[in-house]
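*Asks:* Attaching a single structure in structure tokens format; questions to follow.
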Amino acid sequence: MAASSEILSQTLSSITSIKLDQLQKQRDAYETAKDALISAADKETDVRKRAKTLLDGRDKLPSIKEASNPMLSAANLKRFVEQAAFDPSVSEVLLREYEEAVKKELNMTSNKYRFASVYGQMVNEWTKKTGVEGGDGVAKDDFVPVGRKEMHEQRKTWEEFVFAAKETDKDAIKQYLEDVFVGSSKDCQRALADLRKNFKDLQDSKHSNWSHPFNEKVVKGCIEGILRSNNVTGEKRSTLRDFSNNSVVLQEIADVLNMRIEARASWTWEEPVVVEQRRALNGKYRFFVDEDLLHSLLLEYIFRTWATLIRQQFKHLVDSKGVWKPDTRPMSKQDARRRQFFLDDKQSLSSYGSVAENRDTYFKDEILLDHLPLEMWEIRGGYDDSSEADADKEQDTRDAPLKVVQGLMHRLESDILVQRHLGNELSVIRSDFRWFGPGLPHSSIFAVMEFFGFNEEWLDFFKRVLEAPIRFKEDPTDTAFGVRKRGVPISSTISDVVGESVLFCLDFAVNQKADGTPLYRLHDDMWLWGTMEKCSKAWKVVTEFTEVLGLSLNEEKTGSAIILPKNKKADLESGKEDTAKTSHNLPSGPITWGFLELNPSTGHFEIDEAKVDKHIDELRRQLAACQSMFDWVQAWNIYGDRFFTNFFGRPAACNGRAHVDSMLAMFARIQQKLFPDHAAGVGAYVKDMISSRFGISSIPDGYLFFPHLNGRSRSP
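One point on numbering: in the numbering used here, the residue at position 220 of the sequence shown is 217, and numbering is uninterrupted.
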């Protein structure tokens, strides 16, 4: 891979140098001819002759081929100049304007040569100093080797989870699930029996999903899924794209995969899976697996199929009559009669169009089982939701996870506004699981799958996939490999399948044991809000589930808040909120997400300046480590624009104008701290860098802020 990148880098550098030489020759020829033309025109004392000389000579100049300028029609100017010899209405003032317009256009062409040359020099700088590895269009979030100490520390923690099995009590887990699913009601018992029967049918080897399912379309869909997961990089991404565009190769792969899925009972990892640490924008390292491509395609299909089927079956269970408990009680007959009398509402007992119905629909359609696909070949963006991929986002069939979680926060703030104006108190809890992906015990996974009716054949296959031999990319090839005994690989379909299967049990338990309270869960990110009593019950269920399944909560991200009506704001004096949390067994700590913290006094999320300052220092280190202009602009676009924009929260009406003002103030603060000597911010700083490196001045703003698809720098 390194040799391939070096060859590509050298080739690009050679091509760019040749183009720059040709460009310089064209520029020299143009400038010489332009100077001669202007000199010849200046010798004319008659303004009409000067304008005519410029217009006649303009078309003969060797210049960059460009589209016609709608603001300057040379043909019209020539006619006006010819008309001036006979028509006194074409005054000298107009002729001088024509003359200046032509000179201005000639100078603009000179500038185009200048800036084209600078761009070529920047390409050369990039290829010589940083190479082109990753130049396949994939934004590298970890392109700067900052924080090596953190990398080794996080690897050590990851290995402590993954290579050491945690045995949980499978009998206790199954008994817990029996109490939740079977002990709730007879309706739940019937729905669970149907679920198990359906799973039994779906596991049959003769089922159409498992009997010769591969063809060109299926293989191509699997390739697209793998490319979107960001597990594969560099040469493998290019290989997959080549596969996708070759129907002969697709058919050959389909034939091989059909044989492999038929023989899945004997499938094994043929060699260790390579794990690569990549640094995320938040400073933490993530552990991506780099599998054999044929293995990846086979597993992508199998687990994408299971993900779709499991979502369908769990949704069917939830929608079964009498199973899912409502969050609100229906109106009493007395309340219904009063409503009908005062509103003249004939549908007084119907919940159609109500807030409660809207909330329930939103939960079931947008939140429940969010990480499982609605359909087999669903196209969905990743969590980063990079606006680099505007073209890809147009093809998305479903909102990206980041957009979903921000929509959830908007729902929360809207609910806070409603409840406060109604004079009601609202409690909010947020938490997630500590190292959920690497820390999920395999014994807990298989206990849940056995409870839902998975047979030995499929359990054995899941076990073989999960217990992969692993070695790290940076380790020597002869290093002894470890075997995964705990956890699941991130950004993979199997992690979605087993993670959502396990955590759906938590969703159901909270609903059944906490009076219908919805657990707004996006993967392992959990949100609860409602009355203090309901939240207390729901939180008790969460902690109980965590203990039984052998998980642990992330204390850093666990917190709660009590939002009081406006007329009781005085009760939020120091100490009183903490006392209320303790008495109702709510978790301590604030509600935070990204750079935001929920203020109990206002009921709004506010930007935490201390967190922002920490990441400003990180961004400064990232920018200082860049070796070329292209790297610098990429770092700014990824970190300085996208990261801060995403985690300041999307503006919405429920946030109010104050949130927008605080975002603008924060972006101003970021630029002031990063570029204290440049009052105009990042634009002025980039201009100075270009001037000092390439000896060019008077750079227009448009040169920096090209349209997004052309690689321009972004202004927050």
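C-beta atoms are modelled at their ideal positions from N, C-alpha and C, and glycine is treated no differently.
How many Å lie between R308 and S695 at the Cα?
*Replies:* The sequence position of residue 308 within the sequence shown is 311, counting from 1. The sequence position of residue 695 within the sequence shown is 698, counting from 1. Going by the C-alpha atoms only, they are around 58 Å apart.
*Asks:* Would you kindly work out how many angstroms separate the C-alpha atoms of K126 and Q7, rounded to a whole number?
*Replies:* Walking along the sequence shown from the start, residue 126 turns up at place 129. Walking along the sequence shown from the start, residue 7 turns up at place 10. Answer to the nearest angstrom: the Cα atoms are 11 Å apart.
*Asks:* Who does D39 pair with in a DSSP beta bridge?
*Replies:* Locating residue 39 in the sequence shown gives position 42, counting from the first residue. Answer by DSSP bridge pairing: none, since D39 is not bridged.
*Asks:* Buried or exposed for T29, going by 16 or more other Cβ atoms inside 10 Å?
*Replies:* As a first step, residue 29 is located in the sequence shown; it is residue number 32 there, counting from the start. Exposed, because fewer than 16 other Cβ atoms sit within 10 Å of the Cβ of T29.
*Asks:* Along the chain, where does the beta strand (DSSP E) containing Y700 start, and where does it finish?
*Replies:* Reading the sequence shown from its first residue, position 703 is the one you call residue 700. Where Y700 is concerned, there is no enclosing beta strand (DSSP E), although the alpha helix (DSSP H) it sits in stretches over 698 to 701.
*Asks:* Closest by CA to A729, which one among G680, K312, V270?
*Replies:* With the chain covering only -2 through 713, there is no way to say anything about residue 729.
*Asks:* Considering E273, what are the terminal residues of the beta strand (DSSP E) in which it resides?
*Replies:* Position 276 of the sequence shown holds residue 273. Where E273 is concerned, the enclosing beta strand (DSSP E) stretches over 270 to 276.
*Asks:* Any chance the stretch 552 to 560 sits against the stretch 582 to 594, with 3 or more Cβ pairs inside 8 Å?
*Replies:* The answer is yes - the stretch 582 to 594 touches the stretch 552 to 560, with three or more Cβ pairs under 8 Å.
*Asks:* Find the nearest neighbour of K322 within the set D504, T528, T599, judged by alpha-carbon distance.
*Replies:* Mapped onto the sequence shown, residue 322 falls at position 325. K322 has its Cα closest to that of D504, out of D504, T528, T599.
*Asks:* Could you tell me the boundaries of the alpha helix (DSSP H) in which S440 lies?
*Replies:* Your numbering for residue 440 matches position 443 in the sequence shown. S440 -> alpha helix (DSSP H) spans 439 to 448.
*Asks:* Report the three-state DSSP secondary structure of W633 (helix, strand or coil).
*Replies:* Here the question's residue 633 lines up with position 636 in the sequence shown. The answer is helix: DSSP assigns W633 an H, G or I state.
*Asks:* Label P435 either buried or exposed according to how many other C-beta atoms from any shown protein chain fall within 10 Å of its C-beta, with 16 as the threshold for buried.
*Replies:* Residue 435 sits at position 438 when you count from the first residue of the sequence shown. Buried, because 16 or more other Cβ atoms sit within 10 Å of the Cβ of P435.
*Asks:* Pick from R666, Q186, L34: whose alpha carbon is nearest that of D605?
*Replies:* One-based indexing of the sequence shown puts residue 605 at position 608. Taking only the C-alpha atoms, the option nearest D605 is R666.
*Asks:* Note down the Cα distance separating R481 from A465, rounded to an integer number of angstroms.
*Replies:* Locating residue 481 in the sequence shown gives position 484, where the first residue counts as 1. Locating residue 465 in the sequence shown gives position 468, where the first residue counts as 1. Looking at the two C-alpha atoms, the distance is approximately 6 Å.
*Asks:* Using DSSP with H/G/I as helix, E/B as strand and the rest coil, what is R24?
*Replies:* Counting from 1 along the sequence shown, the entry for residue 24 is found at position 27. Three-state result, R24: helix.
*Asks:* For the alpha helix (DSSP H) holding A607, just list the boundary residues, first then last.
*Replies:* Position 610 of the sequence shown, counted from the start, is the residue given in the question as residue 607. Per DSSP, A607 belongs to the alpha helix (DSSP H) from 606 to 621.
*Asks:* Taking its Cβ as the centre, do 16 or more other Cβ atoms sit within 10 Å of N643, making it buried, or is it exposed?
*Replies:* On the sequence shown, residue 643 is found 646 positions in, with the first residue counted as 1. By the neighbour-count rule (16 or more Cβ atoms within 10 Å), N643 is buried.
*Asks:* In whole angstroms, give me the CA-to-CA distance for L174 and V462.
*Replies:* Numbered from 1 along the sequence shown, position 177 holds the residue referred to as residue 174. Numbered from 1 along the sequence shown, position 465 holds the residue referred to as residue 462. Their backbone Cα atoms lie some 25 Å apart in a straight line.
*Asks:* Thinking just about the alpha-carbon of each residue, which of E147, V245, F542, V179 is nearest to the one in F448?
*Replies:* Your numbering for residue 448 matches position 451 in the sequence shown. The shortest C-alpha separation from F448 is found at V179.
*Asks:* For D429, which residues from the same chain have a beta carbon less than 7 Å from its beta carbon, with the 5 sequence-adjacent residues on both sides left out?
*Replies:* Counting from 1 along the sequence shown, the entry for residue 429 is found at position 432. Around D429: D521, D522, M523, N551, K554.
*Asks:* State the DSSP-derived secondary structure class of F284, mapped to helix, strand or coil.
*Replies:* Working through the sequence shown from its first residue, we reach residue 284 at position 287. The answer is strand: DSSP assigns F284 an E or B state.
*Asks:* With a Cβ-Cβ cutoff of 9 Å, do K470 and E603 count as a contact?
*Replies:* Taking the sequence shown and counting its residues from 1, the one referred to as residue 470 is at position 473. Taking the sequence shown and counting its residues from 1, the one referred to as residue 603 is at position 606. For K470 and E603, no; Cβs fall outside 9 Å.
*Asks:* Below 9 Å between beta carbons: does that hold for R257 and L295?
*Replies:* Residue 257 sits at position 260 when you count from the first residue of the sequence shown. Residue 295 sits at position 298 when you count from the first residue of the sequence shown. The answer is yes: Cβ separation under 9 Å.
*Asks:* Quickly, what does DSSP pair W590 with across the bridge? List them, please.
*Replies:* Working through the sequence shown from its first residue, we reach residue 590 at position 593. L593, per the DSSP bridge assignment.
*Asks:* Would K16 and G117 qualify as a contact pair, given that the criterion is a beta-carbon distance under 9 Å?
*Replies:* Position 19 of the sequence shown, counted from the first residue, corresponds to residue 16. Position 120 of the sequence shown, counted from the first residue, corresponds to residue 117. Yes, the Cβ-Cβ distance between K16 and G117 is below 9 Å.
*Asks:* Label K217 either buried or exposed according to how many other C-beta atoms from any shown protein chain fall within 10 Å of its C-beta, with 16 as the threshold for buried.
*Replies:* For the purposes of this step, residue 217 is taken as the residue at position 220 of the sequence shown. Buried is the call here.
*Asks:* Using 9 Å as the threshold, is the C-beta distance between M148 and Y359 below it?
*Replies:* As a first step, residue 148 must be located in the sequence shown, where it is residue number 151. As a first step, residue 359 must be located in the sequence shown, where it is residue number 362. It is not a contact, given that the beta carbons lie outside the stated cut-off.
*Asks:* Out of curiosity, what's the CA-to-CA distance linking F112 and R356?
*Replies:* Counting from 1 along the sequence shown, the entry for residue 112 is found at position 115. Counting from 1 along the sequence shown, the entry for residue 356 is found at position 359. Rounded to whole angstroms, F112 to R356 spans 55 Å at the Cα level.
*Asks:* Kindly indicate which residue of M663, H439, K537 has the alpha-carbon position closest to the one of D166.
*Replies:* Here residue 166 refers to the residue found at position 169 when the sequence shown is read from its first residue. Closest by alpha carbon: H439.
*Asks:* Count Cβ pairs between the stretch 36 to 56 and the stretch 86 to 105 that sit closer than 8 Å; are there 3 or more?
*Replies:* Touching, yes, given that three or more Cβ pairs across the two stretches are closer than 8 Å.
*Asks:* Bridge partners of V425, per DSSP?
*Replies:* Start at 1 with the first residue of the sequence shown, and residue 425 comes out as number 428. Its beta-bridge partners are W526, A558.
*Asks:* Cβ atoms of G513 and D324: under 9 Å apart, would you say?
*Replies:* The sequence position of residue 324 within the sequence shown is 327, counting from 1. The sequence position of residue 513 within the sequence shown is 516, counting from 1. Cβ atoms of D324 and G513: closer than 9 Å.
*Asks:* Between the alpha carbons of I613 and L405, how many angstroms are there, rounded?
*Replies:* Here residue 613 refers to the residue found at position 616 of the sequence shown. Here residue 405 refers to the residue found at position 408 of the sequence shown. Approximately 27 Å, taken between the alpha carbons.
*Asks:* Can you tell me the Cα-Cα spacing of H368 and R377, whole angstroms?
*Replies:* In the sequence shown, the residue the question calls residue 368 occupies position 371. In the sequence shown, the residue the question calls residue 377 occupies position 380. Roughly 10 Å between the two C-alpha positions.
*Asks:* Specify the secondary structure class of I693 as computed by DSSP and reduced to three states.
*Replies:* Residue 693 sits at position 696 when you count from the first residue of the sequence shown. If DSSP states are grouped into helix, strand and coil, I693 belongs with coil.
*Asks:* So, is A37 buried or exposed, given that buried needs 16 or more other C-beta atoms within 10 angstroms?
*Replies:* Residue mapping note: residue 37 aligns to position 40 of the sequence shown, counting from 1. With fewer than 16 other Cβ atoms within 10 Å, it is exposed.
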